[in-house]
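A.B. asks: Handing you this structure, nothing more for now.
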Amino acid sequence: MNPAKHDAMRKIRDELMEFRASPLYEYRTSNHYFPVVGEGSHDAAIMFVGEAPGQNEAKTGRPFCGAAGKFLDTLIEGIGLKREQVYITNIVKDRPPENRDPTPEEIAMYSPFLDRQVKIIKPRVIATLGRLSMGYVMRRYDLDLELEPISKIHGKTFETAFIDENNEQQPLTIVTLYHPASALYNGGMRDTHKKDFEVLKKFL
Ligand code: URA
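The sequence shown begins at 12 in the working numbering and counts up one residue at a time.
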């Protein structure tokens, strides 16, 4: 374990616990939910970014621990990795009511935490899960012009960079994936997910 990374991540968690400015704070505390910071290796080469926690996640404080998470685990294992070897998080760290999509305002409020997590983990690859994550991450890393509907660019890789804490540019690949929940409504999507995940193999 890297103590500096651990402390930086802990600080994020402490700030999220007290994030009273968030429109989701009241809903979280009145339901005794947890913020979902993220989980996995702080030295991961691959960072998965979902949208926002659902009820299972908010109850446990763990990302992707419900049905969509089980399928995500299968996909990760399918490319020869263990869940503990990657880092899994979301853009928005608190559960939106009724599992609605996070609003643009919520994404804007929570995304600085994600940006800090990227600088802590320094992944080689960010794999976005779903269209909202894809939209935020691609715009954030200067890929606005490459943005297209997810049905067109799922399973693709995009080269960009991020600035680390020493102000140095680090290469970063964005891989745009469908949200694993889509396979729960449409079983036919499972093969598409599996095929898309294959692109991650070259970064192992
Ligand atoms: N969906 C997400 O986008 N994130 C989770 O953590 C769980 C479900």
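Glycine included, every Cβ here is placed at the ideal spot set by N, Cα and C.
Do I132 and M28 count as a contact pair if the criterion is CB distance below 7 Å?
C.D. replies: Taking the sequence shown and counting its residues from 1, one reaches residue 28 at position 17. Taking the sequence shown and counting its residues from 1, one reaches residue 132 at position 121. Taking 7 Å as the Cβ cut-off, M28 and I132 do not qualify as a contacting pair.
A.B. asks: Going by other Cβ atoms of all chains shown within 10 Å of its Cβ, with 16 needed for buried, is L156 buried or exposed?
C.D. replies: Walking along the sequence shown from the start, residue 156 turns up at place 145. L156 comes out exposed.
A.B. asks: For a minimum of 3 consecutive residues, which ranges assigned as the beta strand (DSSP E) are wholly contained in the segment 57-92?
C.D. replies: 57-61
A.B. asks: Quick test of your reading: I89 and F208, contact by CB under 8 Å. State the CB separation rounded to the nearest angstrom.
C.D. replies: On the sequence shown, position 78 is the one that residue 89 refers to. On the sequence shown, position 197 is the one that residue 208 refers to. The sequence shown places Gly at residue 89, rather than the Ile named in the question. G89 to F208, Cβ: 6 Å. Contact.
A.B. asks: Are P113 and V103 closer than 7 Å when you measure CB to CB?
C.D. replies: As a working mapping, residue 113 is identified with position 102 in the sequence shown. As a working mapping, residue 103 is identified with position 92 in the sequence shown. In this structure, V103 lies closer than 7 Å to P113 by Cβ.
A.B. asks: Are the CB atoms of Y147 and T171 within a distance shorter than 7 Å?
C.D. replies: If you number the sequence shown from 1, residue 171 lands on position 160. If you number the sequence shown from 1, residue 147 lands on position 136. No, the Cβ-Cβ distance between T171 and Y147 is not below 7 Å.
A.B. asks: Return the first residue and the last residue of the beta strand (DSSP E) that Y98 is part of.
C.D. replies: Within the sequence shown, the letter at position 87 stands for residue 98. Where Y98 is concerned, the enclosing beta strand (DSSP E) stretches over Y98 to N101.
A.B. asks: The ligand URA and G65: does any heavy atom of the ligand fall closer than 6 Å to the residue's C-beta?
C.D. replies: Reading the sequence shown from its first residue, position 54 is the one you call residue 65. Yes, Cβ of G65 sits closer than 6 Å to a heavy atom of the ligand URA.
A.B. asks: Is the beta carbon of N101 within less than 6 Å of some heavy atom of the ligand URA?
C.D. replies: Against the sequence shown, residue 101 aligns to sequence position 90. Under cutoff, so the answer is yes.
A.B. asks: If we ignore side chains and look at the alpha-carbon of each, how far apart do A56 and L125 end up?
C.D. replies: Reading the sequence shown from its first residue, position 45 is the one you call residue 56. Reading the sequence shown from its first residue, position 114 is the one you call residue 125. Cα to Cα, the separation comes out at about 16 Å.
A.B. asks: So, with DSSP's three-state summary, where would you put G49?
C.D. replies: Here residue 49 is taken as the residue at index 38 of the sequence shown, counted from 1. G49 falls in the coil class under three-state DSSP.
A.B. asks: Under the rule that 16 or more other beta-carbon atoms within 10 Å means buried, what is D105, buried or exposed?
C.D. replies: The residue given as residue 105 occupies position 94 in the sequence shown. Classified as buried, D105 has 16 or more neighbouring CB atoms from the shown chains inside 10 Å of its CB.
A.B. asks: Pull up the distance between the alpha-carbon of Q128 and that of T139, whole angstroms please.
C.D. replies: Here residue 128 corresponds to residue number 117 of the sequence shown, with the count starting at 1. Here residue 139 corresponds to residue number 128 of the sequence shown, with the count starting at 1. Annotation: Q128 to T139 spans about 14 Å, alpha carbon to alpha carbon.
A.B. asks: Please find out if some non-hydrogen atom of the ligand URA comes closer than 6 Å to the beta-carbon of A79.
C.D. replies: By one-based count along the sequence shown, residue 79 stands at place 68. It does: the Cβ of A79 is within 6 Å (strictly closer) of some heavy atom of the ligand URA.
A.B. asks: Out of A79, N178, G61 and H190, state which residue places its alpha-carbon closest to the alpha-carbon of Y98.
C.D. replies: Taking the first residue of the sequence shown as 1, we reach residue 98 at position 87. Shortest Cα-Cα distance from Y98 to any of A79, N178, G61 and H190 involves G61.
A.B. asks: In three-state terms, what does DSSP make of E29?
C.D. replies: Residue mapping note: residue 29 aligns to position 18 of the sequence shown, counting from 1. Three-state result, E29: coil.
A.B. asks: Among the candidates L183, P14 and G166, whose CA atom is the shortest distance from the CA of F173?
C.D. replies: The count along the sequence shown starts at 1 and reaches residue 173 at position 162. Nearest neighbour of F173 by Cα position, chosen from L183, P14 and G166, turns out to be L183.
A.B. asks: Identify whether L215 lies in helix, strand or coil by the three-state DSSP scheme.
C.D. replies: Along the sequence shown, one-based indexing puts residue 215 at 204. Looking at L215 - three-state DSSP - the assignment turns out to be coil, as it is neither helix nor strand.
A.B. asks: Please confirm whether L188 and A78 have their CB atoms less than 7 Å apart.
C.D. replies: Numbered from its first residue, the sequence shown carries residue 188 at position 177. Numbered from its first residue, the sequence shown carries residue 78 at position 67. Taking 7 Å as the Cβ cut-off, L188 and A78 do not qualify as a contacting pair.
A.B. asks: From H43 to E179, what distance separates their C-alpha atoms?
C.D. replies: As a first step, residue 43 must be located in the sequence shown, where it is residue number 32. As a first step, residue 179 must be located in the sequence shown, where it is residue number 168. Straight-line Cα distance between these residues: approximately 40 Å.
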